[in-house]
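**Q** The following block contains the structure, expressed as structure tokens.
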Amino acid sequence: MTDGTALAPKARPSRRPAIVRAVTVAPHGLWCLLFILAPLAFVVYYTFTDPSGAFTMANLKEVFSSAYLKILKRSVLLALESTAICLLLAYPLALAVARLKPRNQSLAILLFMLPMWINLLIRTYSLKLLLETNGPLNSFLGLFGIEPIGFLNSEFAIILGMVYNYLPYMILPIYSVIAKIDPRLKEAAQDLGCNGFQTTVRVVLPLSVSGIISGITMVFVPSISTFFISKSLSDGRIKLIGDVIEQRISLHNVAAYEIGSALSFILMILIIVSMLITNRFGDKDRGVVV
Amino acid sequence: MNKLIELVGVTKSFDGEVVLSDMNLYIRDREFVTLLGPSGCGKTTTLRLIGGFETPDCGDILFEGKRINDVPAYKRQVNTVFQRYALFPHLNVFDNIAFALKHKVPKEEIKTRVDEMLNMVALRGFGHRNVNSLSGGQQQRVAIARALINRPRVLLLDEPLGALDLKLRKDMQFELKNIQQATGITFIYVTHDQEEALSMSDTIVVMQNGKIQQIGTPTDVYNEPKNAFVADFIGESNIVDGVMREDYKVFFDGRVFDCLDRGFDKNEPVDVVIRPEDVDVVPLEKGMLRGHVTKVTFKGVHYEIIVDVNGFMWMIQTTDYVGVDSDIGIYIEPDAIHIMKKSEFSGTIGDYSSFSDEMDEISNPDVELDEHGNVIETLVDEDDKETPEVGNDD
Chain S
14 MTDGTALAPK ARPSRRPAIV RAVTVAPHGL WCLLFILAPL AFVVYYTFTD
64 PSGAFTMANL KEVFSSAYLK ILKRSVLLAL ESTAICLLLA YPLALAVARL
114 KPRNQSLAIL LFMLPMWINL LIRTYSLKLL LETNGPLNSF LGLFGIEPIG
164 FLNSEFAIIL GMVYNYLPYM ILPIYSVIAK IDPRLKEAAQ DLGCNGFQTT
214 VRVVLPLSVS GIISGITMVF VPSISTFFIS KSLSDGRIKL IGDVIEQRIS
264 LHNVAAYEIG SALSFILMIL IIVSMLITNR FGDKDRGVVV
Chain F
1225 MNKLIELVGV TKSFDGEVVL SDMNLYIRDR EFVTLLGPSG CGKTTTLRLI
1275 GGFETPDCGD ILFEGKRIND VPAYKRQVNT VFQRYALFPH LNVFDNIAFA
1325 LKHKVPKEEI KTRVDEMLNM VALRGFGHRN VNSLSGGQQQ RVAIARALIN
1375 RPRVLLLDEP LGALDLKLRK DMQFELKNIQ QATGITFIYV THDQEEALSM
1425 SDTIVVMQNG KIQQIGTPTD VYNEPKNAFV ADFIGESNIV DGVMREDYKV
1475 FFDGRVFDCL DRGFDKNEPV DVVIRPEDVD VVPLEKGMLR GHVTKVTFKG
1525 VHYEIIVDVN GFMWMIQTTD YVGVDSDIGI YIEPDAIHIM KKSEFSGTIG
1575 DYSSFSDEMD EISNPDVELD EHGNVIETLV DEDDKETPEV GNDD
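Chains as they are written, first to last, in the numbering used here: chain S, 14 to 303; chain F, 1225 to 1618.
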């Protein structure tokens, strides 16, 4: 064919004009800029400047002084402890739920989700009431002749608060991964000589790593940055890094902003590092399910 | 040869639906037994009962004469090649195959035995590969190696070739048979593919509606089917209503034919089976019956023609071309006629007027049909739909 039309390029599928794309993306971009990038920029700016605006490392140095370091250490420790407790509680629970009949599974998951319909503040206040020296828990223990115990104002109370508030975030991702494991794989393991426990350890556990990773991330990150739980369950006596940041920022002066920012900066680094570590584990198993 | 596995009066139902009723079957040592039947006939349930994944409602399962109803799967000397393989996605080929030996056998022995298995299934050097990167045929081989490494007494295979393409399936049939003969392990093989069953088995167990319809060698079930279901399911069959006039004389389609069967009551109604390849197409005037050709399909070796004989559609395979809409004569030798007792299946099958639907059901393992021929579920295995575990494999 010598006809010119035969050689003409085929009509491409029509693309949206650049202007349309730009307009549709703009709100999202603006949102990111205003509420994610700008605050981060401020944090970095205040971390590395003095009140006159000159570059300084003094803020970071101060944050690494003993008083703040102690709080930082405590925050990391408490977050790790509550994450570990959540994991130990959630994994067997998720396993048990995945073994229920489908209808009962959704009911069980609903029960775990139910507390999340109530505001975190109210949940924490309720927990505080329960734990009061003359609260219901101690009255109940009193029935057995046990003297009232001062549960509050202790690291125990804070860990309890974190576990209570964040447990569903651990259960859900683990459950959803376990529920999706092909039942035939478990049968194959049994067929090849594994009893129930060995099947769980050798097949279910390795196949649910991605759920565990997601759960750890979703519990550790809010745990390490929480301020409200520690503040209300210890009447402000046991401070975590979140409490200090909140306190500093609410002072509304530049010097306090700088310390607050420096602490936030450290916290950010901590969270990024922890996510990098967990993602490294997750990558082996096709990434993290969040 | 002694009985290795025996099922005695085994009944199993799920949610009130009887899947197996009063099943009696024994399997000899070193035998290649195939459980053959369409979706939902109870063959996979039978396999799962032997494997230890289900327990019978009543009846006993015996292994070398000992009752094993309550022996869990992991303690049975039986291994399974699962439908769609069920390889462990978190382990490589080597670790999948070594799974049964881990923590039980010294490392060096594991290495030699896995290598031995890899050689047997022609996957030498594949040990470090990720199982998800393998082709269907290779995954199949890994599954076989994994199930055989523990040297089981019995290997259960649940539609192992169902996901492979035709060419590969033929090769694997041959290989499986070789492996069975080389290892001397008893194979219990579940399939809906009659050709697979005929070419590999020592014994075929034809099942339908949770009952055994016939047990026999491949030639037995093909040449001497017990009822209309077996005749129809194994190979192609024209099944017509007839009456046994006396020994060696059967009446159908308006005339009496000579046959080789005897032992029926005088004037007993029977089902008459004539295989499509046993019918001779002759000129009209020489025919014992006459028919009108409605459809001609070229099949390579022969033509497959559908012929209307007095309103009943016959399938005939002939090497001579006949045209559509022509009238032909049909000649049937006495040894081409096989007489069967009437059964629950009589009259429901055997006519070729709805041929294509029937083929779809038989040839697609992932489509399940109800008794009206409607698709109920896809990509769900026949007998497993009542398994309580959640597990969408998507």
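Where a beta carbon is used, it is the ideal one built from N, C-alpha and C, also for glycine.
The structure presented is a predicted model; accordingly, all values stated were derived computationally and were not measured.
By the 7 angstroms beta-carbon criterion, what residues does the segment 197-215 of chain S contribute toward chain F?
**A** Listed by position, the residues of the segment 197-215 of chain S near chain F (Cβ gap below 7 angstroms) are R197, L198, E200, A201, Q203, D204, L205, G206, C207, N208.
**Q** Mind checking which residues open and close the alpha helix (DSSP H) that includes D1382 of chain F?
**A** Here residue 1382 of chain F is taken as the residue at index 158 of the second sequence, counted from 1. No alpha helix (DSSP H) contains D1382 of chain F, which is instead part of the beta strand (DSSP E) from 1378-1382.
**Q** Between P219 of chain S and chain F, is there a C-beta pair that is closer than 8 angstroms?
**A** The sequence position of residue 219 of chain S within the first sequence is 206, counting from 1. Cβ-Cβ to chain F under 8 angstroms: yes for P219 of chain S.
**Q** Since F1476 of chain F is in the beta strand (DSSP E), which residue starts that stretch and which ends it?
**A** Within the second sequence, the letter at position 252 stands for residue 1476 of chain F. Element bounds for F1476 of chain F: 1473-1476.
**Q** Going by the DSSP bridge assignment, what does N166 of chain S pair with across the sheet?
**A** Counted from its first residue, the first sequence places residue 166 of chain S at position 153. Its beta-bridge partners do not exist; DSSP assigns none.
**Q** Quick one: Cα of L1228 of chain F to Cα of N1303 of chain F, how far?
**A** On the second sequence, residue 1228 of chain F is found 4 positions in, with the first residue counted as 1. On the second sequence, residue 1303 of chain F is found 79 positions in, with the first residue counted as 1. Rounded to whole angstroms, L1228 of chain F to N1303 of chain F spans 15 angstroms at the Cα level.
**Q** First and last residue of the beta strand (DSSP E) that includes S1357 of chain F?
**A** Along the second sequence, read from residue 1 onward, the residue named residue 1357 of chain F stands at position 133. Segment: none, S1357 of chain F is in no beta strand (DSSP E) and carries neither H nor E.
**Q** Taking 8 angstroms as the CB-CB limit, is D248 of chain S close to chain F?
**A** As a first step, residue 248 of chain S is located in the first sequence; it is residue number 235 there, counting from the start. With 8 angstroms as the cut-off, D248 of chain S does not count as an interface residue toward chain F.
**Q** Can you list the residues of chain F that D63 of chain S reaches, using a CB-CB cut of under 8 angstroms?
**A** Here residue 63 of chain S corresponds to residue number 50 of the first sequence, with the count starting at 1. Within 8 angstroms Cβ-Cβ: nothing; D63 of chain S doesn't reach chain F, min ~53 angstroms.
**Q** Tell me whether S263 of chain S sits in a helix, a strand or coil according to DSSP, three-state version.
**A** To locate residue 263 of chain S, count along the first sequence from 1; it is residue 250. DSSP places S263 of chain S in coil when its eight states are reduced to three.
**Q** Measure from the alpha carbon of I1498 of chain F to the alpha carbon of each residue in F:Q1541, F:N1491, F:P1507, then state which is nearest.
**A** Your numbering for residue 1498 of chain F matches position 274 in the second sequence. Looking at the Cα atoms, F:Q1541 is the closest of the given residues.
**Q** Is G1289 of chain F buried or exposed, if buried means 16 or more other CB atoms sit within 10 Å of its CB?
**A** As a position in the second sequence, residue 1289 of chain F is number 65, starting the count at 1. Result: exposed.
**Q** Who are the neighbours of G1275 of chain F on chain S, taking C-beta pairs under 7 angstroms?
**A** Residue 1275 of chain F sits at position 51 when you count from the first residue of the second sequence. Within 7 angstroms Cβ-Cβ: D204.
**Q** State the beta-bridge partners of N1462 of chain F as determined by DSSP.
**A** Translated into positions along the second sequence, residue 1462 of chain F becomes position 238. F:I1498.
**Q** Is Y1413 of chain F close to chain S? Criterion is C-beta to C-beta, closer than 8 angstroms.
**A** Taking the first residue of the second sequence as 1, we reach residue 1413 of chain F at position 189. For Y1413 of chain F, the answer is no, since every Cβ of chain S falls outside 8 angstroms of its Cβ.
**Q** Within 10 angstroms of its Cβ, does M1344 of chain F collect 16 or more other Cβ (buried), or is it exposed?
**A** In the second sequence, counting from the first residue as 1, residue 1344 of chain F sits at position 120. Result: buried.
**Q** Mind checking whether D1279 of chain F and A1421 of chain F have CB atoms under 8 angstroms apart?
**A** Counting from one through the second sequence, the residue named residue 1279 of chain F turns up at place 55. Counting from one through the second sequence, the residue named residue 1421 of chain F turns up at place 197. Sequence inspection shows Thr at residue 1279 of chain F; the Asp mentioned does not correspond to that position. Result no, Cβ atoms of T1279 of chain F and A1421 of chain F do not sit closer than 8 angstroms.
**Q** Under the rule that 16 or more other beta-carbon atoms within 10 Å means buried, what is N1451 of chain F, buried or exposed?
**A** In the second sequence, the residue the question calls residue 1451 of chain F occupies position 227. Result: buried.
**Q** Strictly by DSSP, which residues pair up with C1282 of chain F?
**A** Walking along the second sequence from the start, residue 1282 of chain F turns up at place 58. F:T1235.
**Q** Grab me the residues of G17 of chain S's own chain with a C-beta within less than 7 angstroms of its C-beta, minus the 5 sequence neighbours each way, in chain order.
**A** The count along the first sequence starts at 1 and reaches residue 17 of chain S at position 4. The predicted model places G17 of chain S with a pLDDT of 41, which falls under 50 and marks its position as unreliable; any figure quoted below should be read in that light. For G17 of chain S, where only same-chain residues beyond five positions count, there are no Cβ hits under 7 angstroms.
**Q** For T1572 of chain F and chain S, any beta-carbon pair shorter than 8 angstroms?
**A** Counting from 1 along the second sequence, the entry for residue 1572 of chain F is found at position 348. So, not an interface residue.
**Q** For I98 of chain S, which residues of its own chain have a beta-carbon under 8 angstroms away from its beta-carbon, when the five flanking residues on both sides are left out?
**A** For the purposes of this step, residue 98 of chain S is identified with residue 85 of the first sequence, where counting begins at 1. Counting only Cβ-Cβ distances below 8 angstroms, and skipping sequence neighbours, we find I172, V176.
**Q** Tell me K1290 of chain F's beta-bridge partners as DSSP assigns them.
**A** Counted from its first residue, the second sequence places residue 1290 of chain F at position 66. In the DSSP output, where bridge partners are listed per residue, K1290 of chain F has F:F1287.
**Q** Looking at I1368 of chain F and V1317 of chain F, is the spacing between their C-beta atoms short of 8 angstroms?
**A** Against the second sequence, residue 1317 of chain F aligns to sequence position 93. Against the second sequence, residue 1368 of chain F aligns to sequence position 144. Result no, Cβ atoms of V1317 of chain F and I1368 of chain F do not sit closer than 8 angstroms.
**Q** Does the structure place the segment 1416-1433 of chain F close enough to the segment 1253-1268 of chain F that three or more beta carbon pairs sit under 8 angstroms?
**A** Touching, yes.
**Q** Taking the alpha-carbon positions, what's the N1534 of chain F to E1419 of chain F distance?
**A** Translated into the one-based positions of the second sequence, residue 1534 of chain F becomes position 310. Translated into the one-based positions of the second sequence, residue 1419 of chain F becomes position 195. N1534 of chain F and E1419 of chain F: Cα-Cα distance of roughly 31 angstroms.
**Q** How long is the line joining the alpha carbons of P181 of chain S and I1403 of chain F, rounded to whole angstroms?
**A** Your numbering for residue 181 of chain S matches position 168 in the first sequence. Your numbering for residue 1403 of chain F matches position 179 in the second sequence. Roughly 51 angstroms separates the two Cα atoms.
**Q** Where do the ends of the beta strand (DSSP E) carrying Q1541 of chain F lie?
**A** Within the second sequence, numbered from 1, the residue matching residue 1541 of chain F stands at position 317. 1536-1542 is the span of the beta strand (DSSP E), which, as asked, contains Q1541 of chain F.
**Q** By the DSSP assignment, the beta strand (DSSP E) with M1247 of chain F in it spans what residues?
**A** Residue mapping note: residue 1247 of chain F aligns to position 23 of the second sequence, counting from 1. 1241-1252 is the extent of the beta strand (DSSP E) around M1247 of chain F.
**Q** Would you mind listing the alpha helix (DSSP H) stretches within the segment 85-120 of chain S that are 4+ residues and don't spill past its ends, in chain order?
**A** Complete alpha helix (DSSP H) runs here, min 4: none at all.
**Q** For the segment 1526-1539 of chain F, list every residue whose C-beta sits within 7 angstroms of some C-beta in chain S, in sequence order.
**A** Taking 7 angstroms as the Cβ-Cβ cut-off against chain S, none of the residues of the segment 1526-1539 of chain F qualify.
**Q** So, helix, strand or coil for N1598 of chain F, using DSSP?
**A** Numbered from its first residue, the second sequence carries residue 1598 of chain F at position 374. Per-residue confidence for N1598 of chain F stands at a pLDDT of 46, beneath the threshold of 50, marking its modelled position as unreliable; the derived number appears in the next sentence. In this structure, N1598 of chain F counts as coil in the three-state DSSP scheme.
**Q** Got a sec: is the Cβ-Cβ distance from T1304 of chain F to anything in chain S below 8 angstroms?
**A** On the second sequence, residue 1304 of chain F is found 80 positions in, with the first residue counted as 1. Cβ-Cβ to chain S under 8 angstroms: yes for T1304 of chain F.
**Q** Classify G1511 of chain F as helix, strand or coil using the three-state DSSP reduction.
**A** Here residue 1511 of chain F refers to the residue found at position 287 when the second sequence is read from its first residue. Three-state result, G1511 of chain F: coil.
**Q** Assign P1313 of chain F to one of three DSSP states: helix, strand, or coil.
**A** Counting from one through the second sequence, the residue named residue 1313 of chain F turns up at place 89. Of the three classes helix, strand and coil, the one that applies to P1313 of chain F here is coil, per DSSP.
**Q** Sort out for me which residues DSSP pairs K1519 of chain F with in a bridge.
**A** To locate residue 1519 of chain F, count along the second sequence from 1; it is residue 295. Answer is F:I1530.
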